[in-house]
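So the structure is just underneath, and the comments pick up after that.
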Amino acid sequence: SNNELVRTKTLVKNAIIQIDSTPFRQWYEQHYGVVLGKKKKKAAAKDDDDEAETPADKKEDATAEKADTKKSNHVQRKLQKRQQGRKLDVALNDQFSQGRLFVCISSRPGQSGRCDGYVLEGKELEFYSKKIHMKKKK
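In our numbering, the protein residues as written are -17 to 120.
Encoded structure:
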């Protein structure tokens, strides 16, 4: 962000903000070998839409081809071992599909000159998403 938010005390410690999920999604895909935030299409719906292919469909096909690239046996075993302990919260997966993540700032941006934080998940994410939803309703 910029210094204006720090000066006006908008960006402070423990503030809940939304950020772009792209870097986190890319890391997750590389680390676990699983594509996040993509809605699964049904085969029947895909057959009906064969005549009209959009640039977005071509982009999705390119990412699917990238995921299907050859991997060494060592990399395959490593990804398979990581899959055992992997479980992603449904609410977090919804945020990845929207392209935005709720995060909490854990540093003091005005003191350190940078903004560090962590991604909200579990009960904390549920609590703040309810609060934000109620605030938007008003």
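Backbone N, C-alpha and C define an ideal beta-carbon position, used for all residues, glycine too.
None of these values were measured; they are calculated from a predicted model.
Secondary structure of residue i, DSSP reduced to three states
i	result
Arg82	strand
Asp71	coil
Asp98	coil
Tyr14	helix
Asp32	Reliability fails at Asp32, whose pLDDT of 46 lies under 50, so the model's placement of it is uncertain and the value that follows must be treated cautiously. Asp32: coil per DSSP, three-state reduction.
Nearest candidate by alpha-carbon position, reference residue i, set the options
i	options	result
Asn(-4)	Val101, Val57, Gln65, Lys60	Val101
Gly15	Lys117, Leu107, Gln66	Gln66
Asp71	Pro5, Ile114, Glu106, Lys118	Glu106
Asn(-15)	Lys113, Arg96, Phe6	Arg96
Pro5	Lys117, Gly81, Lys112	Gly81
Arg68	Tyr10, Gln93, Val(-12)	Tyr10
Cβ pair residue i, residue j closer than 7 Å
i	j	result
Cys86	Gly99	yes
Phe78	Ser3	yes
Tyr110	Ile(-1)	no
Pro91	Leu(-7)	yes
Length of the line joining the Cα atoms of residue i and residue j
i	j	result
Glu108	Lys53	37 Å
Ser88	Lys117	23 Å
Gln12	Lys63	14 Å
Asn75	His56	28 Å
Lys120	Ser94	35 Å
His115	Leu61	37 Å
Lys113	Gln58	42 Å
Val(-12)	Thr51	45 Å
Arg7	Lys20	11 Å
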